[in-house]
Amino acid sequence: MVQLMLIDELIPNVNLEDYKTEFKGIIKEGKGEGSERLEIGWLKQLASFANTFGGVMYIGVDNKTHTVLALPHEEADKTSLMVQRQIEEHIEPPLNYFIEKIIVPNTSPTRYVIAVHVEKSKYPPVSLRFNGIGVIYVRHFGKTSVASGEEIRNLIMNSDSASFDLLETDKKYHKDDFKFLNDFYKKNNDGKDLKEKDLINIGFIDSFGRLRRGALLFKDDCDDGRTLVECSQFLGVSKGENTFYASKTIKGNLLYELEEMVNFVTSHSADGFVKTNDSKEKYVAFPRRSLIEGIANALGHRNYFIQGGQIEINIYKDRLEIISPGSLIGSKWLNKETNLAKIPPLRRNELICSVFSLCKMMDHKESGFDKIEEEYKPYGEKFSPFASSNDSFFSLTLPDLTHVNGLVSKATNPPVHTLELLDCKNALKILSFCYNENKTASDIANYLKIKPSSYFRKEMLLPLVEKGYLLTIRGEYPATYRANSSKVIPD
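In this text, residue positions in the sequence shown follow my numbering: the first is 1, and each later residue adds one.
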């Protein structure tokens, strides 16, 4: 028989759920109604403590009345083992925690309240992972919620050590596990061998011969889902144009990935030579140094704490987009920023970047963005590379130098064509004019140097609208028109 008591009678000064306190009567695992995992309900409390101030979850205490329910000895043991197992399987990086069994007085046989003490993590954000998808939770007063993008960013920036790649492991260094790394280094350093001392100097190996977390991503047999890369080529200027051409999935050690990503881009680009009067001139879509810097940057600055993400390499008719999970450290939101040299050269993964620097794949002192900007500068504004970033991703766009009109998005009236022969007057001129911006009927008429008459609307605009080449945007007044990019193709 358990005598009715409140939690603060058992543990003084513990009486309310707050930033550091959570009460649970009984916790369960397995599938509940609607196929939701029952353990998510209490595991997220532990993960949120690690992301904020630390805290204690008391099991065996009613969360509404704060009455001590108490657990029999056998159930207390099973619950403790369940907590340990579920934490190890679903929370990452590992929690620093301990489980305390508090004896409830005047119970026979003895009953317990279990207290799970969680310390604030040194390596936030801590995520709760199920089916390969990670969710980050934070603790507010008396409740737990999914972290917003800004909260995730703050967790990363304010952590004691936000670097995924410098997390400790119990894996020992063996040179034979890193043959690809050694060969890659040798090839790019005039035949010199990579010395163990060089790896110790950059933190690849600690003083006890153990590998850091980032070092595991360079092992020959690396098969970590965090390294997933998807490469695609589209014949148009957007994914929505239904002109998908080639794709490749890459997963392996980071240097292998870098090599394969570069190979994918170069093998799907219009590189070659152009005849001039006196000689041949090299014809290159993406300057090699800029291409390598851009890809190495994506691998080096990726947020490896984010589960289920992937780097994307997207080749379009006029450009290459390199997209990596995680915002750019030290920068606020970027929207097609062309002044790349001003982006601060802060590194999210110092160890990974140091390995790339050793292998001559990344500039050691700078971000490499200034070199990209410098390499493209002679080609003019229509070929200016740019960067974009928010709290979820960072992207770098390199214009294709073989696309004579430059970036379609920067062209005022990009040349366009359609797969169907259009017999209405001025059709391609109208579609070109409306390709990058919404235009009113008056705008279009002025561009064509005619009056916005009913004849103009009926004979020129209406046929394009009816055939789906020109979209009517009715949320604006007056109504505007825009070329349908899924049917109108830039040259």
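Even for Gly, the Cβ is constructed at its ideal location relative to N, Cα and C.
Based on the DSSP output, what are the partners of Asn314 in its beta bridges? Ser232, Glu321
Go through the region 157–228 residue by residue and report every complete run of the beta strand (DSSP E) that reaches 3 residues or more, in order. Correct list: 168–172, 210–212.
Residues in the same chain with beta-carbon distance under 6 Å from Gln45, minus the five sequence neighbours each way, listed in chain order, please. Glu22, Met57, Thr144
On the DSSP letters alone, give me the boundaries of the alpha helix (DSSP H) that Ile26 sits inside. No alpha helix (DSSP H) contains Ile26, which DSSP labels as neither H nor E.
So is His174 buried or exposed if we call it buried at 16+ other beta carbons inside 10 Å? His174 is exposed by the Cβ-count criterion.
Since Ile114 and Gly55 are thought to touch, with beta carbons under 8 Å apart, how far apart are those beta carbons, to the nearest angstrom? Between Gly55 and Ile114 the Cβ distance is about 14 Å, and since that is not below 8 Å, they are no contact.
Look up Arg85 in the DSSP assignment and give the residues it is bridged to. DSSP, once it has assigned bridges, lists no residue as partnering Arg85.
Beta-carbon contacts of Glu196 that lie in its chain and below 8 Å, excluding the five residues immediately before and after: Tyr173, Lys175, Ile205
Is Leu396 helix, strand or coil by DSSP? strand
With distance defined between alpha-carbon atoms, name the residue in Leu258, Lys192, Val404, Lys171 nearest to Asn297. The shortest C-alpha separation from Asn297 is found at Leu258.
Best match in Asp491, Leu43, Leu16, Glu420 for proximity to Lys28 [C-alpha to C-alpha]: Leu43
Tell me whether Gly41 sits in a helix, a strand or coil according to DSSP, three-state version. Under the three-state reduction of DSSP output, Gly41 falls in the helix class.
Bridge partners - Arg129, DSSP secondary structure assignment: Gly134
Is Ser454 helix, strand or coil by DSSP? helix
Rounded to whole angstroms, what's the CA-CA distance from Arg319 to Val465? Just pull it up for me. 29 Å
Is DSSP giving Glu92 helix, strand or coil here? Note: Glu92 maps to strand in three-state DSSP.
Whole angstroms are fine: how far does the CA of Pro452 sit from the CA of Gln233? 41 Å
How about Phe433 and Tyr455: are their beta carbons less than 8 Å apart? no
Do Ile372 and Glu312 have their CB atoms nearer than 8 Å? With a cutoff of 8 Å on beta-carbon distance, Ile372 and Glu312 are scored as not near each other.
Taking the beta carbon of Ser389 as the centre, do at least 16 other beta carbons fall within 10 Å, making it buried, or is it exposed? buried
Phe356 classed as buried or exposed, judged by whether at least 16 other C-beta atoms fall within 10 angstroms: buried
Measure the alpha-carbon distance for Lys439 versus Thr480 and round it to whole angstroms. Roughly 5 Å separates the two Cα atoms.
How many angstroms separate the CA atom of Val237 from the CA atom of Gly406? 12 Å
In angstroms with no decimal places, state the Cα-to-Cα distance between Phe394 and Val265. 19 Å
Tell me which residue opens and which closes the alpha helix (DSSP H) that Arg474 is part of. Arg474 -> no alpha helix (DSSP H), and no H or E assigned at all.
Roughly how many whole angstroms lie between the Cα atoms of Phe178 and Ser148? Cα-Cα distance, rounded: 39 Å.
Exposed or buried, Asp501, counting other C-beta atoms within 10 Å across all chains shown (16 or more means buried)? Here the chain covers residues 1 to 491 and nothing more, so residue 501 does not appear.
Taking just the CA atoms, how far does Asn349 sit from Leu211? 15 Å
Nearest by alpha-carbon distance to Ile102: which of Ile11, Arg226, Asn96 is it? Ile11
Determine the direct distance from the alpha carbon of Lys192 to that of Glu420, and round the result to whole angstroms. 59 Å
Measure the alpha-carbon distance for Ala270 versus Tyr316 and round it to whole angstroms. 12 Å
Restricting to Cα atoms, I'd like to know which of Leu71, Ile352, Val262, Leu334 is closest to Phe386. The option with the nearest alpha carbon to Phe386 is Leu334.
Given the structure, does Ala270 come close to the ligand MG, in the sense that its CB is under 7 Å from one of the ligand's heavy atoms? Looking at this structure, you won't find the ligand MG or any other ligand, since it has none at all.
With distances taken from CA atoms, which of Glu33, Ala215, Thr107 is nearest Pro72? Thr107
Shorter than 8 Å from the beta carbon of His66 to some beta carbon of chain C? Absent here is chain C; the protein component of the structure consists of one chain.
Exposure label - His523; buried when at least 16 CB within 10 Å: Here the chain comprises residues numbered 1 to 491, so residue 523 is not present and cannot be evaluated.
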